[in-house]
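Chains as they are written, first to last, in this note's numbering: chain A, 1 to 354; chain B, 1 to 354; chain C, 1 to 340; chain D, 1 to 340.
Read the structure below first, then the notes.
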Amino acid sequence: MATMIQAIRMALAYGEQHLGVTDVYGEDVGPPLGGVFTGSMGLKTAWNSPLDERGIIGFAIGLAMGGQKPVAEIQFVDYIYNTIDLLKIAGNTTWATAGDWCVPMVVMTPVGSGIRGSIYHSHSFDAMMTHIPGWKIVMPSTPLDAYGLMLAAIKDPNPVMFMKPKALLRVRPPAEDMLIPGEPADEKVLKDMIDAPLGDRSAWKPRWPKLEDYTVEIGKGRIRREGSQLTIVSYGRTLPLCLQAANELAGEGIDAEVIDLRSLWPYDWDMISASVRKTHKVLFVNEDTEVTNFGEHLLRRAIEEFFYELEAAPKLLAGAHLPGIGLADALEMASVPQLASITAAIRELAAEVP
Amino acid sequence: MATMIQAIRMALAYGEQHLGVTDVYGEDVGPPLGGVFTGSMGLKTAWNSPLDERGIIGFAIGLAMGGQKPVAEIQFVDYIYNTIDLLKIAGNTTWATAGDWCVPMVVMTPVGSGIRGSIYHSHSFDAMMTHIPGWKIVMPSTPLDAYGLMLAAIKDPNPVMFMKPKALLRVRPPAEDMLIPGEPADEKVLKDMIDAPLGDRSAWKPRWPKLEDYTVEIGKGRIRREGSQLTIVSYGRTLPLCLQAANELAGEGIDAEVIDLRSLWPYDWDMISASVRKTHKVLFVNEDTEVTNFGEHLLRRAIEEFFYELEAAPKLLAGAHLPGIGLADALEMASVPQLASITAAIRELAAEVP
Amino acid sequence: MSKPHLVGSKSSFTLAPELLVKMHDLMVRTRSLEERLIKMYKQNDGFFWIGGPGEEAFNIPLGLLLNKGQGPKFDYFHGHYRSMGVLLTLGAEPIDALRQMKNTATDPFSAGRNFCGHASIKKWNVAPISSPIEVQYSIAPGTALGNKRAGDGLTVVTGGDAGTAEGDFATCLVWSSRPGNELPILIVVTNNKWGISTASDTQHGDRVIADRGKAFGIKTMVINGNDPQESYLKIKEAMDYIRKEKKPILMEARVSRLYGHSSASGANFVTNEEDPLKTFEERLEAAGILSKEQMKKIWEQYNEQMLADAQKVRNEPQPAPESIWDHVYCGQKGKPGRYV
Amino acid sequence: MSKPHLVGSKSSFTLAPELLVKMHDLMVRTRSLEERLIKMYKQNDGFFWIGGPGEEAFNIPLGLLLNKGQGPKFDYFHGHYRSMGVLLTLGAEPIDALRQMKNTATDPFSAGRNFCGHASIKKWNVAPISSPIEVQYSIAPGTALGNKRAGDGLTVVTGGDAGTAEGDFATCLVWSSRPGNELPILIVVTNNKWGISTASDTQHGDRVIADRGKAFGIKTMVINGNDPQESYLKIKEAMDYIRKEKKPILMEARVSRLYGHSSASGANFVTNEEDPLKTFEERLEAAGILSKEQMKKIWEQYNEQMLADAQKVRNEPQPAPESIWDHVYCGQKGKPGRYV
Ligand SMILES: Cc1ncc(C[n+]2csc(CCOP(=O)(O)OP(=O)(O)O)c2C)c(N)n1
Ligand SMILES: Cc1ncc(C[n+]2csc(CCOP(=O)(O)OP(=O)(O)O)c2C)c(N)n1
Ligand SMILES: [Mg+2]
Ligand SMILES: [Mg+2]
């Protein structure tokens, strides 16, 4: 019963053992800390880098070109914005060389709000990242999906951006999820095996469970709740909130289908299409700022393909278009979708009649 | 009859003389070159900077804080992508300090395709830039608007991004535009006054015309063609193409209204609304890559506000979602909207019946 | 606050006793504030703590030597999240730091938006402190050019050792030393030998960070930032040079990090680093400038004040949700339309 | 090509005559290619020219000394838009450079997508040359770590002087010199004292760019990159050290820029800079290694070959519009759906 951060760590351990991962690195990624969220604790290839995000991304490109298999971390996505040119290079190298070079690298980075992170530990990155061609982009909302998407990311011969929703890193898996293949069912046993002790950990070594291969194909969404009246498409932090809202609204007779997109690029249009063709109403939810937002892309595509089939205007619920998320509770709550605003948006969409 | 690049240069000269501009700087902005597109030739405050875009943007923030009024240039917007964090800071400083500091700076940079610039001299920046709150963002399509928007940008107490559509820098003004207040009507006379001679120019000094104040308010669009059947919203390089297409299609009985947005943020929603409420059909055209594109924002807003009034699905015509624009003619043509594809899109929209 | 009595005796000091006493007072005030902030964090009166305990012996002299005022005639200060000592010395009120810790509506630095220690005081040319490491080094040369044009003001920029790995540090060196266009800027690195959990000697081939200035012809200094007298004298020497020559100096100050990186690493007092305040107090006592008793009293006064202030802040209002729309633009308040 | 006759006489050279003759041949070949590219540009057989005339005396020795092959056992080369001499020396065909100039479908480097001089040859570890200045310096340390793990390979990265103002240059120094994790990398700056129209002495306080390595404990060298023999010997010395010690070297090579920055500045021959090829030919003649006649013949042969190649390229197909969809992803061709 791993948390998402444990699942990621186990995926990286599996990657080191079986998939040729050579370097898991970034600021405070190696010993003694093993990542500010413990995501790389105890990994044998984990190491600390200089405090230089441009160096981290550039080095990953170089490692990928140099026959290595890197998983590079940007400590918080809030600090990735001086590397956009390098992310673009990682994404255009194959195209610019007409296929000569591939760049098999993974970048992982915590994203989003939910920890009172204030202006610089709350950023979302889905909008800018989906505007950078040549990458694959994933964001899990359950530990099992995190494990399966990380293995898929490592196996992929292209650059893959693995976004870790900060707010969900320590949350337990949903009831319907099976165990990660190989993990012990008892969370205390697992903790004992793979979490470093408090205090001095210089002599500590993890005992990894006998993990197995499990891949979530990049580009495949997941229907987390079936429903007939409207479709909700989300991912990351807002996904469990959408699910909760949908479940609660079932009592009011609102039957919503909830799709966890999981992969932002490529994304599972087949799944969205099938659902919208069934429900004729769609709500896109994410927490990035709402202007030039990836949900606007999905909405545009819905308009392109289903305009005449829709029974209500498709909607986007996203973050306020503001320079930051404020520290105080009330400010964070007012800036990004929460259970209440999601519930209200679903209700409104359900009630809309042409 | 100034070209756009001459208009920009005159606006900067006016800015130096009357609006307190202290520094026009960037790579090759000062003598001897005066900018790779001659945009800063002969300006008294123009100087060459180190080859360091992060330095250029950072320095501009510092100058603005230090009581100066900078107009900083990024030589090509293709090279701005390592400064996104600094652009974000310029845009969030007022908000983060609850109003304590303002950051009055202008960044100008050539954008877009049209000069066979290949992968790194063809980028559009409207999507990423409109995703950065706290800025004002403008992009003219005529010399007069360039002059008026540059003066507005200089007068604004906030950071303003002035995007120069590369393809239009040397194009003459449209017939309906008046002269820039103060400029001589004869383009040869003007050239003689303000363009540096070929060869050694070390002794050359410009003779600026007696320029006058003329401001295009940021946030106001411009109807370049009135029409009743559909609305086209565009800006920059694609604007004249939209206009040409609309004029040509008038012969086929298609009567399109063409809005030059001019300001991307804030944008003139009143103008778009009034037009769409009249035509009930709308096409957004820009040349940035089409996924998570600013046109998708406008389209989403149109859906939000007019879904039930629209007589056709609103459309976006934008650049192919690809890592770059290829050098060969055929590649550039296939990658971004051209007259033919714009014409086709208008025709299709005009023909669409619910 | 009652003036402590000055005992004029032999001492290891060359600075005037009045100045030493003043520095001590400000150092205690700063430390007391930081310790109160940590307590607030631990008592759930704030989400996150980061600050500068261990850097007082450098920050207080720096604050004393800045020429305070607004606009390019005066000095600019581009600090970072360990700079509260500089700001208190300039005249900032501790209670305002507590307000930011508690993210109240009354927080004058950010109205409850930013982390503690992320201040902004335009009226004294204190540039906004923001979280991203090192960006201040790309920004600071700009105010230095303003200074150069306006008179004898200068710009000071500070940041940590690990952060010098960012390109912005190099940018600062490049832009400050352009031949013929050198800038009046004091480029400071406060080297505590750590970046969060990462020891600097595992990452930095540049064992003496200040040496990076040499290739640029920038005058460099390495000082013991744990010694307030040395800091005062060296910063003064540097500032005199900068004001006169209109040229940069790169100064590396070796300092301590006394409560770990931040609340994320527990914010507990570490015992294996020099406490510059303790050292200073021992020297002050040995020199007969302040007695244990006197110093104890100063501590008590400040600790009491901070506690009282913290209690006051607890009752101050939190920001209203709709306040998020204010100040997107210069002078703007409220939400005029669909968007600001 | 007929072997020139070697005259064994007294000379100012210490390198073997065969090697000198070979270098001369490759230098002429490279220059001849560049001049053909410029002609193509001027005849509208290409949209843009940029290249390396003036850097042959450095680039050819560098190409000769690289250990060519694929994968981390072999050397990696991260060049820039003036590096064609290195690539020709490795074995690239001039006609392929002409193809890229003419953006034909047959351009093996980018299939008509990228500017001339922006090559990529994975089978020889030649990293893609891209337009953004200096990014190669952030990338190159990564391949150097691959080298270090695999054996005795090393990584070479090159770029211009003005570009060292970008933070990436500092990044390269930092990442190459981490204590205990030093990397086998030859960091080269080809200093022509210009960045487009901007003279380096107006921007660079670091008058000797190589000095920037010193603070990092990186061994530095400043060489006359206009002298092919000095270049050869110094690059060899540097590479021997790097292969043995697994540590970086920062080398500044002073070179010429013989046709201005690019076609944007006219691409005309400048007369106020040393032409290293001319100097070399004078020395070769003086040393009796090659006669004027012999050299003239070499020039003629290459000039003819380039012209013939250019004519051939003129008739090759342009890329098809739908080819834009190929190679967004590794191994992908065509457009499977609404998007690739
Ligand atoms: C650009 C950026 N990257 C990462 C972080 C996260 N972070 C905050 S403080 C810190 C370490 C800073 O070390 P140093 O520069 O030595 O300053 P110190 O905290 O030791 O005073 C890191 C990595 C950040 N705030 N900004
Ligand atoms: C990041 C970036 N900024 C700007 C440019 C435009 N540009 C191309 S070459 C050049 C000058 C480069 O000078 P230097 O590094 O000395 O190399 P040189 O051309 O002199 O060999 C500039 C500014 C660019 N290609 N990339
Ligand atoms: Mg430190
Ligand atoms: Mg140069």
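Idealized CB from N, CA, C, for every residue including glycine.
- According to DSSP, Ser263 of chain A shares a beta bridge with A:Val138.
- Contact check between the stretch 207-216 of chain C and the stretch 246-253 of chain C: three or more CB pairs, one atom from each, fall below 8 Å, which counts as touching.
- Against chain A, the beta carbon of Tyr339 of chain C has neighbours under 8 Å at Val291, His321, listed in chain order.
- Distance from the Cα of Ala144 of chain D is smallest, within the candidate group D:Val135, D:Glu93, D:Tyr76, for D:Tyr76.
- Of all residues in the stretch 268-298 of chain A, those with a C-beta nearer than 9 Å to a C-beta of chain D are Trp269, reading in chain order.
- The straight-line gap separating the alpha-carbon atoms of Pro50 of chain A and Asp28 of chain A is approximately 9 Å.
- Using a CB distance below 9 Å, the part of the stretch 302-321 of chain D facing chain B consists of Gln318, Pro319, Ala320, Pro321, ordered along the chain.
- Residues of the stretch 211-230 of chain D with a C-beta less than 9 Å from any C-beta of chain C: Asp211, Arg212, Gly213, Lys214, Ala215, Phe216, Gly217, Ile218, listed in chain order.
- Under DSSP, Lys164 of chain B forms a beta bridge with B:Pro110.
- At a Cβ-Cβ threshold of 8 Å, Ile259 of chain B and Met150 of chain B do not count as neighbours.
- Of all residues in the stretch 156-190 of chain D, the ones placed with a Cβ closer than 9 Å to any Cβ belonging to chain C are Thr164, Ala165, Glu166, Gly167, Asp168, Phe169, Ala170, Thr171, Leu173, Val174, Trp175, Ser176, Ser177, Arg178, Pro179, Gly180, Asn181, Glu182, in chain order.
- Assignment of Asn158 of chain B by DSSP, reduced to helix, strand and coil, places it in the coil class.
- Straight across, the Cα-Cα distance linking Ile56 of chain A with Glu300 of chain D is about 49 Å.
- Between the alpha carbons of Gln338 of chain B and Leu241 of chain B lies a distance of about 7 Å.
- For Ile196 of chain C, the shortest separation between its Cβ and any heavy atom of ligand 1 lies below 7 Å.
- For Gly112 of chain C, the closest of A:Ala340, A:Ala344, A:Leu349, A:Ala330 by C-alpha to C-alpha distance is A:Ala330.
- For the alpha helix (DSSP H) assignment, the uninterrupted runs of no fewer than 4 residues enclosed by the stretch 224-264 of chain D are, from N- to C-terminal side, 228-245.
- Of the other Cβ atoms in all chains shown, 16 or more fall within 10 Å of the Cβ of Leu173 of chain C; this residue is therefore buried.
- Contact of Gly205 of chain C with chain D is assigned, a C-beta pair being separated by under 8 Å.
- Around Lys88 of chain B, the beta-carbon contacts reaching into chain A at under 8 Å are Tyr81, Pro323.
- Val188 of chain D and Asp52 of chain B have their C-alpha atoms spaced approximately 18 Å apart.
- Under the Cβ distance rule, Asp195 of chain B does not count among the residues neighbouring chain D, no pair being separated by less than 8 Å.
- At least one CB atom of chain B sits nearer than 8 Å to the CB of Ser131 of chain D.
- Taking all protein chains in view, the Cβ of Tyr137 of chain C is crowded by 16 or more other Cβ atoms within 10 Å, so the residue is classified as buried.
- Separation of Glu332 of chain A and Ile325 of chain A (C-alpha to C-alpha, rounded to the nearest whole angstrom) is 6 Å.
- Your pair Gly35 of chain A and Glu73 of chain A checks out as a contact, with CB atoms roughly 7 Å apart and the cut at 8 Å.
- For the pair of segments examined, the stretch 144-160 of chain D was found to touch the stretch 61-75 of chain D: the number of CB pairs separated by less than 8 Å reaches three.
- Around the CB of Arg82 of chain C, 16 or more other CB atoms lie within 10 Å, so the residue is classed as buried.
- The beta carbon of Ala162 of chain C sits closer than 7 Å to at least one heavy atom of ligand 3.
- By the CB criterion at 8 Å, Pro174 of chain B and Met139 of chain B fall outside the cutoff.
- Cβ-Cβ distances below 6 Å link Leu169 of chain B to Met4, Ile5, Phe37 in the same chain, with the five nearest sequence neighbours on each side left out; the list follows chain order.
- The three-state reading of DSSP puts Ala318 of chain A in strand, counting E and B together.
- Residues of chain B whose Cβ lies closer than 8 Å to the Cβ of Phe109 of chain C are, in chain order, Thr97, Ala98, Asp100.
- Burial is judged here by how many other beta carbons sit within 10 angstroms of a residue's own beta carbon; Gly225 of chain D has at least 16 and is buried.
- Going by DSSP, Val157 of chain C is part of the beta strand (DSSP E) stretching over 155-160.
- With contacts defined as CB atoms closer than 8 Å, Asn191 of chain D and Ser256 of chain D fail to qualify as a contacting pair.
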